[in-house]
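Chemist:
Numbering (our numbering), first residue to last: 3 to 219.
#1: Under a three-way DSSP split, which group does residue 163 fall into?
#2: So, does the segment 15–25 touch the segment 49–67, judging by three or more C-beta pairs under 8 Å?
#3: In the DSSP assignment, what residue or residues form a beta bridge with residue 38?
#4: By the 10 Å Cβ neighbour count, where 16 or more other Cβ atoms means buried, how is residue 3 classified, buried or exposed?
#5: Please report the residue range of the alpha helix (DSSP H) in which residue 22 lies.
#6: Tell me which same chain residues have a C-beta within less than 6 Å of the C-beta of residue 83, skipping the five on either side of it?
#7: Would you list the one or two residues that DSSP bridges to residue 43?
#8: So is residue 186 buried or exposed if we call it buried at 16+ other beta carbons inside 10 Å?
#9: Between residue 124 and residue 100, what straight-line distance do the alpha-carbon atoms span, to the nearest angstrom?
#10: Is it buried or exposed, residue 9, if we count other Cβ atoms within 10 angstroms and call 16 or more buried?
#11: So within the segment 85–173, which uninterrupted beta strand (DSSP E) runs reach at least 3 residues, ignoring any that extend past its ends?
#12: By Cβ distance below 6 Å, which residues in the same chain neighbour residue 37 in space, the five residues on each side in sequence not counted?
#13: If you follow the beta strand (DSSP E) that residue 186 is part of, which residue opens it and which one closes it?
#14: Can you tell which of 7, 209, 215 and 189 has its C-alpha closest to the C-alpha of residue 93?
#15: According to DSSP, is residue 202 helix, strand or coil?
#16: Where does residue 21 land, buried or exposed, given buried means 16+ other C-beta within 10 angstroms?
#17: Pull up the distance between the alpha-carbon of residue 191 and that of residue 89, whole angstroms please.
#18: Let me check one thing: in DSSP terms, what residues is residue 4 bridge-paired to?
#19: Tell me which residues share the same chain as residue 76 and place their Cβ nearer than 8 Å to its Cβ, disregarding the 5 neighbours each side in the sequence.
#20: Once you ignore the five residues that flank residue 147 on each side, which residues in its own chain have a CB closer than 6 Å to its CB?
#21: Can you tell me whether residue 13 is buried or exposed, with buried defined as 16 or more other CB within 10 angstroms of its CB?
#22: Take residue 56 and list the residues in its own chain whose beta-carbon comes closer than 6 Å to its own, dropping the five residues that flank it on each side.
#23: Quick check on this structure: which residue in 132, 95, 44 and 58 has the alpha carbon closest to the alpha carbon of residue 5?
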């Protein structure tokens, strides 16, 4: 694992960790860009433990702080595309391939909105774990996200915890499927999974890499 720092187009420095698979680099798969949600950062929460599942299957992974890391309330949502683009550009420069983006919680709103906010249509593979909780505390953001979803392209996977009591998992996933008309969206309700997939970390990682294996090279 290597510590890295990238700079956004508006001159914000973001720290992160780059995880590399073993073996011959020529056999590695396209990289993954892991994006944390509210209260988290690159070294805590799901984006700390998910990279182990990714590199075990040959996917290099960048887990990167967003400018709102560690905060418990949304801030600068309209600027989040700068953070995502910095990570995307870093991975393309480093590996020569466009990454898939994997997000958890609040990060999913940024990921869904990325193409509409940035005008960058390079991303065609996204994984969204624990989608839609923002509707409860910032319905305006959720509405904006659904409006932006029409710009998504390629394929996406939504993974909802089947026993998540903090969100209405099926309605939120259904709303995205309806809004993202230009994107094929698959949905998994992970049995026994709560909002943070406590005790189901291995199962979440397996679900993600299994789907990527069928939908990415």
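No residue lacks a Cβ here, since even glycine has one placed at the ideal position from N, Cα and C.
Modeler: Here's the rundown:
#1: strand
#2: yes
#3: BP columns for residue 38 are empty, so no partner.
#4: exposed
#5: Run containing residue 22: none; DSSP gives neither H nor E here.
#6: 116, 119 and 120
#7: 46
#8: exposed
#9: 7 Å
#10: exposed
#11: 102–106, 127–131 and 156–163
#12: 105 and 109
#13: 185–192
#14: 7
#15: coil
#16: buried
#17: 28 Å
#18: 20
#19: 40, 70, 108, 136, 140 and 143
#20: 111, 114 and 115
#21: exposed
#22: 34 and 63
#23: 44
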